[in-house]
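What follows is a single structure, written as structure tokens, with notes after it.
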Amino acid sequence: MSNLELALKDMMSIDGAIGVAVVDYNSGMALGHLGSSKTLDLQVAAAGNTEVVRAKMRTMEQLNLKDEIEDILITLSGQYHVIRPVTGRKGKGLFLYLALDRNRGNLALARHQLKSIEENLEV
Numbered sequence: 002m003s004n005l006e007l008a009l010k011d012m013m014s015i016d017g018a019i020g021v022a023v024v025d026y027n028s029g030m031a032l033g034h035l036g037s038s039k040t041l042d043l044q045v046a047a048a049g050n051t052e053v054v055r056a057k058m059r060t061m062e063q064l065n066l067k068d069e070i071e072d073i074l075i076t077l078s079g080q081y082h083v084i085r086p087v088t089g090r091k092g093k094g095l096f097l098y099l100a101l102d103r104n105r106g107n108l109a110l111a112r113h114q115l116k117s118i119e120e121n122l123e124v
């Protein structure tokens, strides 16, 4: 099993996970995704969240911020969407995407688990 497949399975095992993806924010393409829902198209989510990441990167550059993004959180009434850029040199240009059910998931624990998965991801 590849490191990417393992990362996707680990992400999907997070309590409350609805769908997950590893996305290249240069192209907007998902390298892989898991999960299914009638209301969540992971290909569309990958492309749309690419724009969110790009916009935040541009804004940080314009503000001359030298910090790194840990994660970006989008809070909906029934879901959390967590975007975590991959910081390791073998994953630059990628981000992890997790859609989490608010009633079944624990946001703090999910962020902690995503951090661990991101640190071990090699693509």
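Number 124 marks the last residue of the sequence shown (our numbering); no jumps. Just so it is clear, CB atoms sit at the ideal spot from N, CA and C, and this is done for glycine as well.
Proximity of the segment 109 to 118 to the segment 9 to 23 meets the contact definition, three or more beta-carbon pairs being nearer than 8 Å.
Around the beta carbon of R85, 16 or more other beta carbons lie within 10 angstroms, which makes this residue buried. In the DSSP assignment, M30 is bridged to D25. For the set T60, L95, V45, the Cα lying nearest the Cα of L32 is the one of L95. Note that the C-beta distance between V83 and L115 is below 8 Å. The beta carbons of Y81 and A46 sit about 13 Å from each other, so the pair does not count as a contact at 8 Å.
Assignment of beta-bridge partners to G49 by DSSP yields no partner.
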